[in-house]
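Start counting the sequence shown at 1; every next residue gets the next number (our numbering). All C-beta atoms in this analysis are idealised placements derived from N, C-alpha and C, irrespective of residue type, glycine included. Have a look at the structure below before the remarks.
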Amino acid sequence: MATICARELYNDIIEDYSAIKSNKYKRWIEEYTFLNAIVGNNDNGIKNKSVLDLGCGSGHFCRLLNNDKYGVATMSGIDISDAMIDEAKRLEEKEPTGTTYYREDLLAEEDESDNSNVDNISNLKVDVCVAAYLLPYASSIKELQKFCTSAARTLRPGGHFKSVTSLYTDAIKATGLDNDTGDGDGGGGGSGKGGVLASDTWGFSVVWDGEATSDGMLADITLFGNGRKKERATFPNHLWSKETINSALLAAGFDRVDWLSPTIDANTTPDDITAEFQKDSSEAVPVGYFVATLAM
């Protein structure tokens, strides 16, 4: 099951997971774009609202959000990984923010017998759910639907689900079609046995096996930290298209899904990164940002 793999993966790579926070795309583009989506404005914001991070990892976004600057009412985080939750709680104890962390398996069946070390959050209700790279751990349409339903069930009517996720994109689809050409443009090795999509600019690569790409395909995404290829972390992701994600969200009870374009903070981003972003706004990075609104 995807959940068991995710738990073992994040228990094993907790040190690497922290190291890749220095990745150029994540630091200057992803974090700024995602935070803007989360913070929003007026009724779409988080001030005086309860917020839950689904798949919070070691609590990175929980700590960013739970401060006087954003004024959240309450902040909670859940994750399947024991090691990640332990690390989040350790950091919370070291520098308290008032965030509560839970260990929870969002894909567990209700009648599963192994409930050891799992917190019961069935009665938790919040105004905003956020999730960074939760959906790529759905290995099937059923699991994708379950993630979306978990967010919808936790939200109050009219609440928002805000997420950043890896995607099955036209660039990956085209790369898969080119796998047999061997033309050296990054579209695979010409063997028909897999493909590679990479961006040296942003320290990002996507590698997969198989003769063709498909919606929901499994790929290894590697992030390189701070431009140094010796500092890296690799994550298996199932890549779903925007269309498939939209369908799962609408079926879960959301009545609107807005996809956002990546952006940077011109006031704080170094000039060389700004120039790179203006020249290459990351078509080679299959990442998307959305805000889904739950029906009233």
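For residue i, which of helix, strand or coil comes out of DSSP?
i	result
T169	coil
V51	strand
G182	With a pLDDT of only 38 at G182, under 50, the local geometry of the prediction cannot be trusted, and the value read off the model is given with reservation. DSSP places G182 in coil when its eight states are reduced to three.
M296	coil
P262	coil
G225	helix
Y374	Because the chain is modelled from 1 through 296, residue 374 falls outside the range shown and cannot be assessed.
A198	strand
L124	coil
I245	helix
E276	helix
Return the chain-ordered list of same chain residues with a C-beta closer than 7 Å to the C-beta of residue i, the five sequence neighbours on each side being excluded.
i	result
G288	T165, L167, K242 and W259
D170	none
V285	Y25, S199, W202 and F204
N66	V72, M75, T97, G98 and T99
Q145	A248, A251 and A252
F61	D53, V130 and A132
D280	T201
Could you confirm whether any beta carbon from chain B is found closer than 7 Å to the beta carbon of residue i?
i	result
D255	Here chain B cannot be found, since the structure has a single protein chain.
Quickly, what does DSSP pair residue i with across the bridge? List them, please.
i	result
K162	V130 and V291
H60	Answer by DSSP bridge pairing: none, since H60 is not bridged.
A138	A138 pairs with nothing; no bridge assigned.
N237	A219
M84	None; M84 has no bridge partner.
R103	D79
D255	D255 is not bridged to any residue.
For residue i, which residues from the same chain have a beta carbon less than 6 Å from its beta carbon, with the 5 sequence-adjacent residues on both sides left out?
i	result
F277	I264
L9	Because L9 sits at a pLDDT of 42, beneath the cut-off of 50, its placement in the model cannot be relied upon, and the following sentence gives the value as read from the coordinates. No residues qualify anywhere along the chain.
T269	W28
S122	none
G216	H238 and W240
Under the rule that 16 or more other beta-carbon atoms within 10 Å means buried, what is residue i, buried or exposed?
i	result
K162	buried
R156	exposed
R103	buried
G57	buried
S150	buried
N267	exposed
G159	buried
D127	buried
A37	buried
A316	The displayed coordinates of the chain run from 1 to 296. Any statement about residue 316 would go beyond what the structure contains.
Can you find the residues in the same chain that come closer than 8 Å, C-beta to C-beta, to residue i, ignoring five residues on each side of it along the sequence?
i	result
K94	none
F303	The chain is shown from 1 up to 296; residue 303 falls before or after that span and cannot be answered.
I330	Beyond the ends of the chain as shown, which are 1 and 296, falls residue 330; an answer cannot be given.
D68	none
If we count Cβ pairs, one from each stretch, closer than 8 Å, do we get three or more for the segment 80 to 88 versus the segment 43 to 51?
-> no
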